[in-house]
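At position 131 of the sequence shown (counting the first as 1) the number is 276 in the numbering used here, and the numbers step up by one without a gap.
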Amino acid sequence: MTEHTVLVAPRHIAGAGEASIVTTHLRQHHWRDLLEPGGLRTYLESPDTTIRLCLEPNPERPWWTVVGTPPSGELWHATFEARTPAEMVLAFAQALTHPDRVPGEDPFNVLTDAGWTRPYARNPYYKRQSPDQLALWDLRRDDEVTGWYARCRVYGEPLWSAVFSAHTPRPAVTAFATALADPSPLPRSPDAIPTAAHRFLTHRTAVPRPTTELPARSHPTPAVRIR
146 MTEHTVLVAP RHIAGAGEAS IVTTHLRQHH WRDLLEPGGL RTYLESPDTT
196 IRLCLEPNPE RPWWTVVGTP PSGELWHATF EARTPAEMVL AFAQALTHPD
246 RVPGEDPFNV LTDAGWTRPY ARNPYYKRQS PDQLALWDLR RDDEVTGWYA
296 RCRVYGEPLW SAVFSAHTPR PAVTAFATAL ADPSPLPRSP DAIPTAAHRF
346 LTHRTAVPRP TTELPARSHP TPAVRIR
C-alpha cells in the first residue's frame with residue numbers, strides 16, 4: 146500500500162479495488178490462462194476444466210463472469226459489475242478453490258448475524274438490507290428468475306450488483322455474503338472511492354507508507370470520521 150492509501154468502511158461503497166488479487170489467487174491454485182496474459186481480457190479455467198472466469202473491462206457488460214459446467218449437475222453462472230469490491234469477488238473465488246473451508250450456512254443467516262434486517266418491501270422474507278440501507282441481498286423466486294442478487298445504490302445511483310444463478314455452489318455464495326457483511330475496512334486510494342459514496346463513509350483511516358527508516362517521533366494514525 147502507498148502513502149495515499151486509506152482504509153474505507155462500509156466496504157460495499159469502497160469501490161472496485163485491485164482485480165489482480167482475484168486472478169493471482171486463481172493462478173496460484175493452478176487455474177490456467179486461455180488467453181495470452183497481459184491483455185485487456187482475462188480468461189481463466191479451473192484445473193478440472195469445469196469452471197471458467199472471464200474478466201473483461203467493458204462498461205456495457207459485467208466485468209466478472211464465472212460459469213460452471215459440472216459433469217453431473219446443473220449449469221450455473223455468477224456475474225459481478227465493475228465496482229463490486231474485488232475482495233468480495235476474491236472470497237467467492239477462494240470458496241471455489243477451497244469449498245470445504247466455507248460454512249454451508251444460508252447466506253441469510255450470515256447477513257442477519259451481521260445486523261442486516263428485512264426491508265419494508267414486497268416479500269421481505271427473501272430480502273436483507275445493510276444497516277445503512279445502501280446494500281440489499283435478495284433471493285429472487287418467480288417464474289422467470291431464481292437465484293441470489295446483491296446490489297449497492299447511493300441516492301438511487303447503482304454502484305454495483307452481483308447475480309448468482311440458482312445452482313451456483315452454496316459455499317461460494319455464502320463466502321460472498323460473508324465478505325459483503327464483514328465490517329472490516331478495505332484499502333483504497335482516495336481517488337478510487339466512488340464520489341457518490343463519500344457522504345456515507347463512516348471510517349476512512351490513512352495508512353502510512355511502509356518504510357525501513359525509524360521515524361523521529363511516533364504518532365498514532367488518526368481516524369477520519371466522515372459523519
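We put the CB at the ideal spot given by N, CA and C, even for glycine.
- Here the alpha carbon of residue 169 sits roughly 23 Å from the alpha carbon of residue 306.
- Contact between residue 164 and residue 200 holds: CB atoms are separated by about 6 Å, below the 8 Å threshold.
- Shown here for residue 231: same chain residues with a beta carbon closer than 7 Å to its own, the five before and five after excluded, namely 161, 162, 163, 164, 166 and 167 in chain order.
- Our two residues, residue 194 and residue 343, have alpha carbons roughly 42 Å apart in a direct line.
- Scanning its chain for C-beta atoms nearer than 7 Å, with the 5 sequence neighbours on each side dropped, one finds around residue 285 the residues 291, 292 and 294, in chain order.
- By the C-beta criterion, the segment 295-303 is judged to be in contact with the segment 335-342, since at least 3 inter-stretch pairs fall below 8 Å.
- In chain order, 221, 222 and 292 place their CB closer than 6 Å to the CB of residue 310, counting only its own chain and leaving out the 5 sequence neighbours on each side.
- Taking a C-beta distance under 8 Å as the contact criterion, residue 277 and residue 156 do not qualify as a contact pair.
- The bridge partners DSSP lists for residue 296 are 281 and 306.
- Check the Cα spacing between residue 303 and each of 261, 265 and 158: the tightest is with 158.
- Judged by DSSP in its simplified three-state form, residue 215 adopts coil rather than helix or strand.
- Taking C-beta atoms under 8 Å as the contact rule, residue 247 and residue 316 qualify, at a distance of about 4 Å.
- Just measuring C-alpha positions, the residue of 184, 236 and 196 sitting nearest residue 175 is 196.
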